Amino acid sequence: MCENKYKVVSGPEGYLPPAASLMGVLLPDEGSALLEGDIVKEEDAMQQIAKKLCNAKNPVIFPGPLILWDWADGVIEKAKLVKKLADVAGAKIIPMPDYRPKYPKINPEVEINPNHPNITIWHNDIDVCIFVGVHCHYANVALKIIRGGTDCYTISLCAEVGHEDAMVSMRDLDVKKLQKLIDIIENEKSS
Amino acid sequence: MISNIDIRMAGLGGQGVVTAAHILGTAVVSAGKHSAVNPFFGAEKRLAPAESYVRMADRPVYDRGEILYPDLIMIFAPEVITMGKSYTMPFYSGLKEKGLVMINSDEPILSEKEQAGLDKLGATLFYIPATKLAMEFAGTELATNMTMLGALCGLVDLVEIDTVIEAVAQRFSGKSKFVASGTTAVLDESIKSKYAKVSLLIEKNTTAITKAYEYTKKLNQSK
Amino acid sequence: MSNRIITPVKEFEDLLPQEYKDLVADGPFFAEKGVDDLGTFKEIMEQHPHCAGCGEALGMRLVLAGLPTPQDTLIIGTPGCSFFGLAQTALNYSNTAFGNQNAVASGLKRMLQIRYPDKHKDVVVMVGDGGIADIGLDYTLHSWFRKEKITTIMLDNEVYGNTGGQESGMSKEGKVLNMAPTGKKFPKIPVFELAKTSGCCYVAKVTIASPKKIGKVIRRAILIAREIGPTYVQLFTPCPTNLKFAPDQTLKVAKEAEKDYYPFEEFISDDAAAYLAKVEQAKGDGKS
Amino acid sequence: MNIEQKNVSPEHILFEAPRDKAFITGSEAVAEAVKRANIDMSIAYPITPQSESMHLIGDLYAQGYIKDYYRAENEFAVMAAVHGASLGGGRVFTATSGPGTLRAAEMFPVWAGSRQPIVCGFMCRGISLPPSIQPENIEMTFLLDSGMLMFHAENAQDFFDMILKGYAIAEKPDVHLPVGVFVDGFFTTHTREIVMLPPEDIRLSPYDPKCSPVPAFDMETPPMRVVRDPLLNKSNFISYAANASWHQEILAAAERSKKYINHYMNGLIEVDNPKAKILIAASGTAVAQSREAIRDLQAEGIDVGLIKVKSIRPFPEKEIQAATENAEIIIVPEFNAGGWLAREIKASLDHNSRVISAPRIFGGMPMPKELIVNEVKHAIKKRA
Amino acid sequence: MMGVRVAEDKCIGCKICIYACPEPNVIKLTDSKKVTIECIKCKSCLLCVSACPKKALTKDEA
């Protein structure tokens, strides 16, 4: 649909990679998604997510605080589907329970932190990851660091407007879209 | 009716030059024309020199700030000239050729030099006993700004006198709080306290404006 | 009560790191805990980078244990040593610039009152002596003059710790410190007295050598701030690194100060006292 | 007091609602905007020429339009307290001027760094010794890299609209940055002019902190543990990388705001007569003065176009490049001694010798249109 | 290895060491009312040692 010159692909991009937004990558309007910097149909983005997950050696879902804690109505329904998504995709789940810069260090076996996400990615050899339920600011910070220092393929499932620094970014993620994504992954698995 | 005119009003703090400018601008706008009005941007203290500026036009007015080259100058107090209570010296500096000057005074006050300056510009000069008219018809010298406005409308065909009177009523009705500066708001209260009721204030002001209007209308015809 | 944000979603409960599981199971959120219970519950502060024997870290630990409802407590701080431990604490903590903490807390408290008119949201300022008595004195005093319903806690280590041991207004007279190479020329700033005359309804001065008193004082300060007005607690938390004593001497230093110039003092206004009697009686605890 | 106002979208209040003519000052326009902005809280500290607007906002509080309002102890305290209030998840407004801006300056990067959608009015004035309350906008140069979005209003109408638009833009989840709406003090605050206002029985829908890219600071939004300020851990390379990424995210957010600025403000710049070989590029009151000058120049047969720079941050680099493609002379009149706008424009353009940084007016003096006219004629003569 | 050793026979479970430790969640009281120390988080300030009235705590020299 909308082609951008700058491609948001897996890194490592080096010392301090530019924010994709500053390289001209625009967030899509409602109904569209972002695939490696280009605005595409939501369905295409879902297909890509399914393909990436099914071909990954070690796909991992990083659920954030918004979905780990039962703080608002509707969280449980989403959480159930994220769990199901992990099951269907055969992905591990490593949580991001909060955003503090952990002292003295995080345990990369069991958690990820937005301030040093790479430790978890390197330690667990994660090649595809999904961010879900993380506040946009912290997701963006983490996605930039990951792209700078790892070759991990990043996917963000965002309830707001999405993330340019992820390789695939879905926006306005709700229960319906999650279910659709699960169906597409199931399809991909069986084909 | 005259369009596109820039007016500089000079007086002493507390005399109502800011309010006069506001009322005139309001009248112009409600008559469907354009106007921008601003006070002199200084420390606002009673009896200190004060100026305000009214721009009016039949097209949008963008220009703002002090009017350096006015078409018309209104002097609200003789002291502006005689005692130099002004930041603009001489008082007519910047006046455009064939401009008009109104001075609130019962008698001529200009020095020969000043008169010569005006003559060189081909300016027309009117003395208006505005404070005297204010005392007579409104019972307070605080209505000097009203009589100056009335006088202005009698001399120059800017806007219908009724529109000005409406603007006065709007200004003092208390429906919308008028804010030129913190000090103006305080003065407003003191003027209102001189009258038992706002309606009386408006009535007195209306009389003062009308009388001053009639005064200059006659003056103009006799000239 | 806002325990929902510390209630895990079932699907992910098992996946949470141990410290979070402990916080949920044994923390002070679902069952009320106090200083008395230390050692038997999961404290909300985690490992921190404070120096060995840090009086301030101990002070924070005791204060945090004394919070009546940590799940509705928000802490505002400043840059400085206190940041390190508080950033590792399981409640909302923020510092912004240096010294403006009481101004930030004023805005925050008022907004939370607007948004949650039926809840007590305890806004607590917890910062060092430099933040309160020096750079932030205006903001501290003005929040008291305005009767903001916040609790201000000074972690008084009598020195600028994080910047490397400079004289603060709360340093002792005569003390040789960085930027006071010939010794401090004036006495400690009487913030405790200023608090009493500036509108605080409850003011207390205590040292880390009296942990149970800290628990009592913090509880009182926060309860009174909910209903009556501003409260202030000045907590002596000596700094072994910059005051140059051995880390195992911190409590000894505090004890000596208590005897010498830092005695326990408490001031309570009449209306605060009446209110406190009511709540302590209603609780039937007199929990101290 | 019970205020009956209907909550509406920014699109409705800005584009759809009918508007009526009012003859008001810039200060009054601020209050009219705040009245329709559904503000939770406002905090004030007096300074000329900001005071009148914040008095009026106090009146709005007394009338029940705002839920809390107080006079703080100084500008740093004001900016700190509105920060605290904004952390708490509500909508806030304040304003200041010149020396107040500089006194409070430490807080502006804090607002941006912690992604607070605060809208602040800046009624610019002189800042230095000799003390000056007079209009000039030198304070803007100190804020160019504070992380705030900066809009420069030409007149009271802009001021009114940009405050409401400021909230609409600032509160987008992918933007969520503070917005400074700047005017040249007195020229706008104290000038009475025609302003078109939507009805006062409508207001913006309330701020929803749930859509924020950072958690509201209320112990109702997870996580409990969160560091909202830049990460102050003395640590190692990876911590610095986190810090740098955080900063990049603020720059990225400003970049994302362009889409919304285009939508709500009809572009970061506005161009009249772009084909002219001579362009005047200006912001704020200098735009108004340029319009008068252009009217005179056109009357004399000199073809001059105008670029009105509305968004100073993000800076419309590409837009100005495109608009000046055919220009041979670009005059940049400014109300400050530093010439910061000309510097920004020069840095954006190739062949920047085309840019003439003049006239520069400061100290509170007005900028008569004649000065701009002369500058244009002088430039033409010099080229010929 | 830094740390502090507890002599269980001397510990009376008075918890004074717990109130003295600047580190959170390091010294805990067991069900048998003795303290245990999680040495991995201990910074060896020895405040607990100097605070213990029964001399039940000693520096772990190992």
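Chain order of the listed sequences is W, U, P, H and S. Here the first sequence stands for residues 1 to 191, where the numbers follow our numbering. Here the second sequence stands for residues 192 to 414, where the numbers follow our numbering. Here the third sequence stands for residues 415 to 702, where the numbers follow our numbering. Here the fourth sequence stands for residues 703 to 1086, where the numbers follow our numbering. Here the fifth sequence stands for residues 1087 to 1148, where the numbers follow our numbering. Heads up, the beta-carbon is just placed ideally off N, CA and C, and yes, glycines get one too. All values derive from a computational prediction rather than experimental measurement.
Contact check between the region 508–515 of chain P and the region 535–550 of chain P: three or more CB pairs, one atom from each, fall below 8 Å, which counts as touching. Just measuring C-alpha positions, the residue of W:C136, W:G148, W:H135, W:Y6 sitting nearest W:I119 is W:G148. In this structure, H:C822 lies away from H:G760, with their beta-carbon atoms at least 7 Å apart. Under the 8 Å Cβ criterion, the region 205–213 of chain U counts as touching the region 239–249 of chain U, having at least three qualifying pairs. When the beta-carbon positions are compared, H:F1037 and H:I1014 stay at least 7 Å from each other. W:L66 is positioned such that its CB atom lies closer than 7 Å to that of W:G133. At least one C-beta of chain H is nearer than 7 Å to the C-beta of U:E257. Runs of the beta strand (DSSP E) spanning 3 or more residues and lying entirely within the region 549–634 of chain P occur at 565–570, 616–621, in chain order.
At a Cβ-Cβ threshold of 7 Å, W:C158 and W:I121 do not count as neighbours.
Proximity of S:P1110 to chain P, defined by a Cβ-Cβ separation below 7 Å, is satisfied. Straight-line spacing of the CA atoms in H:E838 and H:T987 works out to 10 Å.
For H:M850, none of the residues of chain W pass the 7 Å Cβ criterion, the least Cβ distance being about 16 Å. Taking a contact to require three or more Cβ pairs closer than 8 Å, the region 474–484 of chain P and the region 446–464 of chain P qualify as touching. W:R100 is positioned such that its CB atom lies closer than 7 Å to that of P:A501. Closer than 7 Å at the C-beta level to chain P, one finds no residue of the region 936–957 of chain H.
The shortest CA-to-CA distance from H:A735 to any of H:V897, H:S941, H:G1065 is the one to H:V897.
Residue-level contact check: H:G728 does not touch chain P, since none of the beta carbons of chain P fall below 7 Å from its beta carbon. Assignment of W:Y103 by DSSP, reduced to helix, strand and coil, places it in the coil class. A direct Cα-Cα distance of roughly 42 Å separates U:K409 from H:Q1000. Interface criterion met: the Cβ of U:A227 is under 7 Å from a Cβ in chain H.
With contacts defined as CB atoms closer than 7 Å, U:L340 and U:V350 fail to qualify as a contacting pair.
Only those residues of the region 722–750 of chain H whose C-beta falls short of 9 Å from the nearest C-beta of chain P are listed: D742, M743, I745. With a cutoff of 7 Å on beta-carbon distance, U:T331 and U:T322 are scored as not near each other. Using a Cβ distance threshold of 7 Å, W:L81 and W:G162 do not count as a contacting pair. With 16 or more other Cβ atoms from the protein chains shown falling within 10 Å of its own Cβ, W:M167 counts as buried. Chain-order list of chain P residues neighbouring H:Y772: S520, R524, R560, by C-beta distance under 9 Å. Taken in chain order, the unbroken stretches of alpha helix (DSSP H) that lie wholly in the region 989–1040 of chain H and span 4 residues or more are 1019–1025.
Around the Cβ of W:V9, a 10 Å sphere holds fewer than 16 other Cβ atoms; the residue is exposed. For H:V916, the closest Cβ of chain W is nearer than 7 Å. P:G499 sits in a helix when the DSSP states are folded into three classes. A straight line joining the alpha-carbon of P:L657 with that of P:A609 spans about 26 Å. With respect to the 7 Å criterion, W:I145 and W:P104 are not classified as neighbours on the basis of their beta carbons. Counting only runs of at least 4 residues, the region 486–532 of chain P fully encloses the following alpha helix (DSSP H) elements, listed from N- to C-terminal order: 496–500, 515–529. Within a 10 Å sphere around the beta-carbon of P:T596 sit fewer than 16 other beta-carbons, which makes this residue exposed.
The three-state reading of DSSP puts U:I266 in strand, counting E and B together. If you look at H:T796, you'll find it in the beta strand (DSSP E) that goes 794–798.
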